[in-house]
Amino acid sequence: MCSLVTRFRSLILHNPISNAAGVFGTHTDELDQMFRTHSGLMVTKSATLGSRVGNKWPAYWENSQISVNSMGLPNNGIEYYVDYIRDLPEGKPCILSIANIDNEQTADILQYINELDYIKYPEINVSCPNIEGKEQLAYDYEGLEYFLTNILDKNYTKPYGLKLPPYFDPVHIDLVSDIIESHPNIVFLTCINSVGNVLHIDIDTESSVIIPKSGLGGLGGDYILPIALSNVYQFKKRLPHIDIIGCGGIRSGEDVFKHILVGATFVQIGTHLNRKGLGSIERIAEELRSIMNKKGYQTLDDFRGHYK
Ligand code: SIN
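Everything in the sequence shown is counted per my numbering, starting at -19 for the first residue and increasing by one.
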């Protein structure tokens, strides 16, 4: 019988499946539901210093293949999630996700969590495409370098990760990798956030399926699997010492297998969990196990990064 046990830094996970920060995990009841699932770990909604209501609704839409969201980071503020993690019973690690929408506010968040032993490996979201008038920080290479040097390194002294947007050119992956390499506290990258600013049109209303940003939103779901795999693969090749968390387009054990094959340590699932419910985590884990059994793989390390 094969094993899905996954080592992520100092954490031992009983399988490589988590939710994603994007569209689920805003309220403690959602996080509690996630805690009770079969997942190996979990992540909070990306938090800002104070609470935010997010963008005007409808800001999320999905069909059986894709999702489009422009949620605008609705969340209950950093303390809400920090206190939740502090009070969690043992048994499942919970990653704190932090959204950067303002450097000074993020500096305050980082100073606050730097002292807290129970916060491990926060995921800093530098890729939300849904804040009106604000560029995704990870597409602004100078801004990203400034942020990592002057906000992260000055206020947070422990290992952390970045949630990145998709990149579409290997030259950009090289540029971002160079930046990341000069910040040794970056120990993981989550690849990828949604594909920003797509337009999905409803033929009846002749308008977008969502309202904010004139109808532009981040694409998730099946169509982004190949983009996510390409980013996981290229970043892992470029930065082999860093853990890459695969996120994008996962709905089956086969999709998880592909993410791990190109180098992912573990995976996060957004759209599919929202659409099909958290019960699908167990099914996806079983499907992964069955593929491994058929191929004769005993552990995830037997094929992780072995893309031919
Ligand atoms: C959102 O709240 O807008 C989604 C999260 C993200 O894209 O980072």
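Built from N, CA and C at the ideal position, the CB exists for glycine as well.
Item, Value
"Val62 to Glu186 span [Cα, whole Å]", "43 Å"
"Close Cβ partners of Ile81 (< 8 Å) along its chain, the five nearest in sequence each way excluded", "Thr28, Leu53, Cys108, Ile111, Lys114"
"Sheet register partners of Lys143 (DSSP bridge)", "Asn105, Thr170"
"Bounding residues of the alpha helix (DSSP H) (the contiguous stretch that carries Asp223)", "Where Asp223 is concerned, there is no enclosing alpha helix (DSSP H), although the beta strand (DSSP E) it sits in stretches over 223 to 227."
"Among Pro164, Ile204, Arg(-13), the one whose alpha carbon lies nearest that of Cys171", "Ile204"
"Straight-line Cα distance separating Leu209 from Lys238", "7 Å"
"DSSP state of Asn261 mapped onto helix, strand, coil", "For clarity, residue 261 is Ile in the given sequence; the question names Asn instead. The answer is helix: DSSP assigns Ile261 an H, G or I state."
"Buried/exposed call for Glu84, threshold 16 Cβ in 10 Å", "exposed"
"Under 8 Å between C-beta atoms of Thr251 and Gly200", "yes"
"Opening and closing residue of the beta strand (DSSP E) in which Leu199 lies", "196 to 201"
"N-terminal and C-terminal residue of the beta strand (DSSP E) that Ile230 is part of", "Per DSSP, Ile230 belongs to no beta strand (DSSP E) and is neither H nor E."
"In DSSP terms, what Phe246 is bridged to", "Ile225"
"According to DSSP, residues forming a beta bridge with Val23", "Ile75"
"DSSP state of Ser270 mapped onto helix, strand, coil", "helix"
"8 Å Cβ cutoff met for Leu21 and Ile104", "no"
"Burial state of Ser19, where buried means 16 or more other Cβ atoms lie within 10 Å", "buried"
"For Trp300: DSSP bridge partner residues", "Nothing can be reported for residue 300, as the shown portion of the chain is limited to -19 through 288."
"CB contact flag (Phe168, Ile224, <8 Å)", "yes"
"Reduced DSSP secondary structure (H/G/I, E/B, other) of Gly2", "coil"
"CB of Ile183 within 8 Å of CB of Val48, strictly", "no"
"Any non-hydrogen atom of the ligand SIN within 7 Å of Gly228 CB", "no"
"Proximal residues to Tyr136 (C-beta, below 6 Å), its chain only, five neighbours per side dropped", "Leu90, Asn94"
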